[in-house]
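Inspection log for the structure reproduced underneath, given as structure tokens.
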């Protein structure tokens, strides 16, 4: 029993002396709880929305007021013409726009129906579906109130228009996110592990003591992962375009320029992690906490950024 307690005490001392182990044991559960319980949510709130109201009557005002009172939307723009809408989507000012046609109330009164056009950014299909559902529910509740009149049976039919992804393919949003995830995995994580491996074996001290400049040693360790990342990018582009049917719009030159910049930043993060970690396992854990979890949970690939709290 005494030996058992002695070894148990020894393990506690080992844990308390290892700062990184203590941080993983005590801090990681708190970080996970905050991410999954507070920051990450499937509800979308405070989404910027625009209105184009050709009618400007009591019925359209009632629907707009319902939208303003909703916690899911923030009324961001009142448009004067249809041409302004496309520019607002290009500049990411709005995720959704509602267009009311002319003579809205008169059509309800005489024709017993009126049309509303809902224009949504389809680049993120899941968010677009959710936002359209929210708007449809608001319109439905307004329709229910109108049908309490002596002469009911009004019909409001939303017309849906999806920009950038009319077929609502999730691959249009998911594949670019996977590309960034793979680059982080190859560049940052593998670079940090390869450098720490040299430190564990004791060969890093021998390399640094050689006449070769330290920057040459580090750059030579990084170059292979830079080339591998470039090959991965080209492969992903080919597979996503020819196999998954993801369109590549815009300038290929600027796309690859941004990818190269992203690779360089990822490699720099890998070098930074290697200066902190003493073992390969520690480098793996730090990379997972600092890089992989935020890139998966907080980048907007799985959960909408607009649903996350400001603080």
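Residue numbers (this note's numbering): 815 to 1125.
C-beta: ideal position from N, C-alpha, C; glycine also.
Note that the structure is predicted; figures quoted are calculated from it, not measured.
- Residue environment: residue 921 is assigned as buried (16 or more neighbouring CB atoms within 10 Å of its CB, all protein chains considered).
- As the crow flies, the alpha-carbon of residue 900 is around 10 Å from that of residue 907.
- Per DSSP, residue 1062 lies in no beta strand (DSSP E) and is assigned neither H nor E.
- Between residue 939 and the set 978, 956, 957, 897, the nearest pair of CA atoms involves 978.
- Residue 948 has its alpha-carbon roughly 10 Å from the corresponding atom of residue 885.
- Residue range 897 to 904 is occupied by the alpha helix (DSSP H) that includes residue 897.
- The beta carbons of residue 1035 and residue 1008 sit closer together than 8 Å.
- With fewer than 16 other Cβ atoms from the protein chains shown falling within 10 Å of its own Cβ, residue 836 counts as exposed.
- For residue 890, the enclosing beta strand (DSSP E) starts and ends at 887 to 893.
- Between residue 930 and residue 972, the C-beta gap is smaller than 8 Å, which places the two residues in contact.
- Beta-bridge annotation (DSSP): residue 833 is not paired with any residue.
- Closest by C-alpha distance to residue 1084, out of 1091, 1113, 1005, 1064, is 1005.
- Out of 1052, 863, 1106, 951, the CA that lies nearest to the CA of residue 996 is found in 1106.
- Annotation for residue 973: the continuous beta strand (DSSP E) segment containing it runs 969 to 977.
- In this structure, the CA atom of residue 958 is about 13 Å from the CA atom of residue 873.
- Rounded to the nearest angstrom, the gap between the Cα atoms of residue 1002 and residue 1104 is 10 Å.
- For residue 991, there is no enclosing beta strand (DSSP E); the residue is part of the alpha helix (DSSP H) that begins and ends at 985 to 997.
- Distance from the Cα of residue 944 is smallest, within the candidate group 902, 861, 1113, for 861.
- For residue 1102, no alpha helix (DSSP H) run applies, since DSSP gives it neither H nor E.
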